[in-house]
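Visitor:
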Amino acid sequence: MFIRVREDIQSVFERDPAARSGLEVFLNYAGLHAVWGYRIAHWFWSRKMVIIARTLSQITRFFTGIEIHPGARIGRRFFIDHGMGVVIGETAEIGDDVTMYHGVTLGGVSIEKGKRHPTIEDRVVIGAGAKVLGAITVRRCSRIGANAVVVKDVPENSVVVGVPGRVMDKNGGQSEGLPDLDHGKLPDLIENQILDLIQRVDRIEHEKSSTLKE
13 MFIRVREDIQ SVFERDPAAR SGLEVFLNYA GLHAVWGYRI AHWFWSRKMV
63 IIARTLSQIT RFFTGIEIHP GARIGRRFFI DHGMGVVIGE TAEIGDDVTM
113 YHGVTLGGVS IEKGKRHPTI EDRVVIGAGA KVLGAITVRR CSRIGANAVV
163 VKDVPENSVV VGVPGRVMDK NGGQSEGLPD LDHGKLPDLI ENQILDLIQR
213 VDRIEHEKSS TLKE
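Heads up: the sequence shown begins at 13 in the numbering used here, then just goes up one per residue.
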């Protein structure tokens, strides 16, 4: 338990330049408090003590603004930055070294029993406000852009942006080391579409002009 706590605190220093001391991180990072609360609740959930688990989960939600169902499965060094408004559903699975920003939802699209929430593999970064919905898989080392809505599987080492989410780059993730947090370098889906439209119009006008000259 103490090893995991130490790992979590260290992961904050590696991914958040605002962190200045271990005590500051321990006392003031709601994302860490939410993860620690989840782990305690998950311990009770895995032993079929559902009421205690759900109650602890709701208490954690009250104090942190982050809702993690105790039935979810979360790996090591999971970092929620800021965190307010994060929702992680019951059958969600999260790998190691995943980074998630505020307003993210790992939600379901069905009321049927069974697997209905996403699987997030190792070293994925999910930007603020993104929604990852359904029993889909986001493969390792991918990045989900802010406010993207992802409803289909994401290949390994990809960049996804837009509504609905589209894979814009299959080699744009972070294959080694820590996740790449530079969302300012993500592709602009709307800009790319506008540029493509302009190029098509230019091509049509050029072809029309050539036809008239003939």
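Positions of the beta carbon are idealized from the N, C-alpha and C atoms, including for glycine.
Please determine, among R135, M61, H114, the residue with the shortest C-alpha to C-alpha distance to F90.
Guide: What you label residue 90 is simply residue 78 of the sequence shown in a count that begins at 1. Nearest option by C-alpha distance: R135.
Visitor: Quick one: complete beta strand (DSSP E) runs, 3+ long, within the region 111 to 149?
Guide: Listed in chain order, the complete beta strand (DSSP E) runs (minimum 3 residues) inside the region 111 to 149 are 111 to 113, 117 to 119, 143 to 145.
Visitor: In its own chain, which residues sit with a C-beta less than 6 Å from the C-beta of Y113, not counting the 5 before and 5 after it?
Guide: Taking the sequence shown and counting its residues from 1, one reaches residue 113 at position 101. The answer, listed in chain order, is D93, G139, A140.
Visitor: Put V161 into one of helix, strand or coil per three-state DSSP.
Guide: Residue numbering aside, residue 161 sits at position 149 when the sequence shown is read from its first letter. Of the three classes helix, strand and coil, the one that applies to V161 here is strand, per DSSP.
Visitor: What residue does the beta strand (DSSP E) around F90 start on, and which one ends it?
Guide: Here residue 90 refers to the residue found at position 78 when the sequence shown is read from its first residue. Taken as a continuous stretch (DSSP letters only), F90 belongs to no beta strand (DSSP E), as it is neither H nor E.
Visitor: Quick one: grab the DSSP three-state call for E105.
Guide: As a position in the sequence shown, residue 105 is number 93, starting the count at 1. Looking at E105 - three-state DSSP - the assignment turns out to be strand.
Visitor: For the 8 Å Cβ check, are there 3 or more pairs between the region 72 to 83 and the region 98 to 106?
Guide: Touching, per the Cβ criterion.
Visitor: Between which two residues does the alpha helix (DSSP H) carrying V175 extend?
Guide: Here residue 175 corresponds to residue number 163 of the sequence shown, with the count starting at 1. Looking at the DSSP string, V175 is not in any alpha helix (DSSP H), and its letter there is neither H nor E.
Visitor: Is there at least one non-hydrogen atom of the ligand GTP closer than 7 Å to the beta-carbon of F25?
Guide: Among the components of this structure there are no ligands whatsoever, and the ligand GTP is therefore not found.
Visitor: Of the choices G157, S122, E124, A147, whose alpha-carbon is the least far from that of D165?
Guide: On the sequence shown, residue 165 is found 153 positions in, with the first residue counted as 1. Nearest C-alpha to D165: A147.
Visitor: So is K60 buried or exposed if we call it buried at 16+ other beta carbons inside 10 Å?
Guide: For the purposes of this step, residue 60 is taken as residue 48 along the sequence shown, with counting starting at 1. Exposed, because fewer than 16 other Cβ atoms sit within 10 Å of the Cβ of K60.
Visitor: Taking the straight line between their C-alpha atoms, what separation do you get for V163 and V116?
Guide: Walking along the sequence shown from the start, residue 163 turns up at place 151. Walking along the sequence shown from the start, residue 116 turns up at place 104. One C-alpha to the other measures close to 14 Å.
Visitor: Would you kindly check if the distance between the Cβ of A42 and the Cβ of A53 is under 8 Å?
Guide: As a working note, residue 53 is residue 41 in the sequence shown. As a working note, residue 42 is residue 30 in the sequence shown. Against a cut-off of 8 Å, the Cβ pair of A42 and A53 comes out as no contact.
Visitor: Looking only at DSSP bridge pairs, what is V166 linked to?
Guide: In the sequence shown, counting from the first residue as 1, residue 166 sits at position 154. According to DSSP, V166 bridges with V150.
Visitor: Distance, Cα to Cα, P130 vs V110?
Guide: What you label residue 130 is simply residue 118 of the sequence shown in a count that begins at 1. What you label residue 110 is simply residue 98 of the sequence shown in a count that begins at 1. Going from the Cα of P130 to the Cα of V110 covers about 13 Å.
Visitor: By how many angstroms is the C-alpha of R212 removed from the C-alpha of G126?
Guide: Here residue 126 is taken as the residue at index 114 of the sequence shown, counted from 1. Here residue 212 is taken as the residue at index 200 of the sequence shown, counted from 1. Roughly 46 Å between the two C-alpha positions.
Visitor: Give the DSSP bridge partners of V99, in chain order.
Guide: Within the sequence shown, residue 99 is the residue found at index 87, counting from 1. DSSP output for V99 lists E79, T117 as bridge partner(s).
Visitor: Roughly how far, in whole angstroms, is the beta-carbon of G174 from the beta-carbon of A158, given that I think they are within contact range, below 8 Å?
Guide: Start at 1 with the first residue of the sequence shown, and residue 174 comes out as number 162. Start at 1 with the first residue of the sequence shown, and residue 158 comes out as number 146. Between A158 and G174 the Cβ distance is about 11 Å, and since that is not below 8 Å, they are no contact.
Visitor: Report the residue from E26, N40, R51 whose alpha carbon sits nearest the alpha carbon of F14.
Guide: Position 2 of the sequence shown holds residue 14. Here the closest residue by C-alpha is R51.
Visitor: Once DSSP output is grouped into helix, strand and coil, what is the label at R27?
Guide: Taking the first residue of the sequence shown as position 1, residue 27 is located at position 15. Note: R27 maps to helix in three-state DSSP.
Visitor: Report yes if the CB atom of E133 is closer than 8 Å to the CB atom of G95, and no otherwise.
Guide: The residue you call residue 133 lines up with position 121 of the sequence shown. The residue you call residue 95 lines up with position 83 of the sequence shown. Not a contact, by the Cβ cut-off of 8 Å.
Visitor: Which same chain residues end up closer than 6 Å to R128 when comparing Cβ atoms and leaving out the 5 residues on each side of it in sequence?
Guide: Looking up residue 128 in the sequence shown gives position 116. Excluding residues within five positions, the ones whose Cβ falls inside 6 Å are T103, G120, S122, A147.
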